[in-house]
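561 is the number of the first residue of the sequence shown in the numbering used here; add one for each residue after it.
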Amino acid sequence: MSIITSFRAGLAFFTRIPVGAAPLPPTLSGVVAWLPAVGLLVGALAALVLLPAARLGLPAPLCSIGAALVWTVVTGGLHLDGVADCGDGLLVETSPERRLAIMKDSRLGSFGALALFFVLSIKVAALAALAGMPSLHALGACCLAGLLGRCQVFAGMRLPSARPGGLGAMMHDGMKPRYAYTALGLCLAACLVMGRHGLYSLLAAGLVAFWLLSAARKRIGGVTGDVFGALIETTECAVLAACCLP
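Right under this line is the structure:
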């Protein structure tokens, strides 16, 4: 598969950006490699709504809601679905098998609704704060959030797949160590550019990954597509919030 074809497949798989017909390959190896680039693009698109709206004098809450809406529309809410499913499945006290069944259920439960509420609230609040900050800092924060969020997925390759044959298993099997090393290098470089806020973001992302992946390993025995989605969304929130610190 050529570089352009795999990139288009990555955009088609992880976003709703129209890229024409881009059939998925038998394995997701080449597609998963583009996760960091997709994250940068998604963050940049959100910033391109947030910053002009703020410079036009619109209230910060409206600017942030618009940016969060674009963030969600561009990804098709794919990762937010993982937040809801993980909220419903990981926060209940039952067997691992029952948790996996709950996460596969399309119905939204109370824990899933609460998880969605808090994740979206933190993202909107952080974007509202960034709207009043220098443009380059806000742009960097959005791009860094998208990048670190998706690079976190490579941290999940250390855990086994909890649901063989599922989407998460396909992503897990498609990950290669060299992709993880490349993602780590990109993350470190981006954090250096952001200065102390890059350090805050790296620490916040590490805490999120440790907490969520530990919970997934303990409660369902590994990772699923929902866990990857929740990891992306919660990391984005943590990074955006970290970039708002003084």
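We put the CB at the ideal spot given by N, CA and C, even for glycine.
Predicted model only: the values in this text are computed from it and were never measured.
Go to residue i, then tell me how far its alpha helix (DSSP H) extends in each direction, as first and last residue.
i: Arg615; result: 595-615
i: Cys804; result: From DSSP, Cys804 is part of no alpha helix (DSSP H); its letter is neither H nor E.
i: Arg659; result: 656-664
i: Leu727; result: 727-734
Which class does residue i belong to by DSSP, given the choice of helix, strand or coil?
i: Ser721; result: strand
i: Val783; result: strand
i: Glu793; result: helix
i: Gly570; result: helix
i: Gly649; result: helix
i: Leu767; result: helix
i: Val684; result: helix
i: Met693; result: coil
i: Arg710; result: helix
i: Thr632; result: helix
i: Leu744; result: helix
i: Ile564; result: helix
i: Gly626; result: helix
i: Gly637; result: coil
i: Arg576; result: coil
i: Gly755; result: coil
i: Arg667; result: coil
i: Pro619; result: coil
Out of curiosity, what's the CA-to-CA distance linking residue i and residue j?
i: Cys711; j: Ala743; result: 6 Å
i: Val630; j: Ala644; result: 19 Å
i: Leu638; j: Leu601; result: 16 Å
i: Pro596; j: Leu772; result: 20 Å
i: Leu680; j: Ile792; result: 13 Å
i: Arg779; j: Gly617; result: 47 Å
i: Val592; j: Leu696; result: 28 Å
i: Leu708; j: Lys664; result: 26 Å
i: Val579; j: Cys646; result: 30 Å
i: Cys804; j: Ala764; result: 12 Å
i: Gly642; j: Thr794; result: 10 Å
i: Arg659; j: Ala775; result: 12 Å
i: Leu767; j: Met717; result: 17 Å
i: Ala715; j: Ala769; result: 8 Å
i: Pro720; j: Ala614; result: 44 Å
i: Leu727; j: Ser624; result: 31 Å
i: Ala802; j: Met730; result: 32 Å
i: Ile662; j: Leu668; result: 10 Å
i: Ser655; j: Gly781; result: 11 Å
i: Ile682; j: Leu676; result: 10 Å
i: Phe678; j: Ala628; result: 13 Å
i: Met826; j: Ala606; result: Because residue 826 is not part of the residues shown, which for the chain are 561 to 806, the question remains open.
If residue i sits next to residue j, beta carbons under 8 Å apart, how far is it from one beta carbon to the other, in whole angstroms?
i: Arg576; j: Thr635; result: 7 Å
i: Ala685; j: Ala691; result: About 11 Å separates the two Cβ atoms, so there is no contact after all.
i: Val620; j: Ala688; result: Note that residue 620 is Ala in the sequence shown here, rather than Val. The Cβ separation is near 4 Å, so the contact holds.
i: Leu640; j: Thr632; result: 7 Å
Do residue i and the ligand GDP come close, with the Cβ less than 7 Å from some heavy atom?
i: Arg777; result: Inclusion of the ligand GDP in the displayed structure is not the case, the ligand content being empty and no account of it being possible.
Do the segment 788-800 and the segment 733-743 meet, that is, are 3 or more Cβ pairs less than 8 Å apart? no
With three or more C-beta pairs closer than 8 Å as the rule, is the segment 780-788 touching the segment 640-658? yes
Are three or more beta carbon pairs between the segment 755-773 and the segment 700-709 nearer than 8 Å? yes
Could you say if the segment 609-619 and the segment 745-756 meet the contact criterion of at least three C-beta pairs nearer than 8 Å? no
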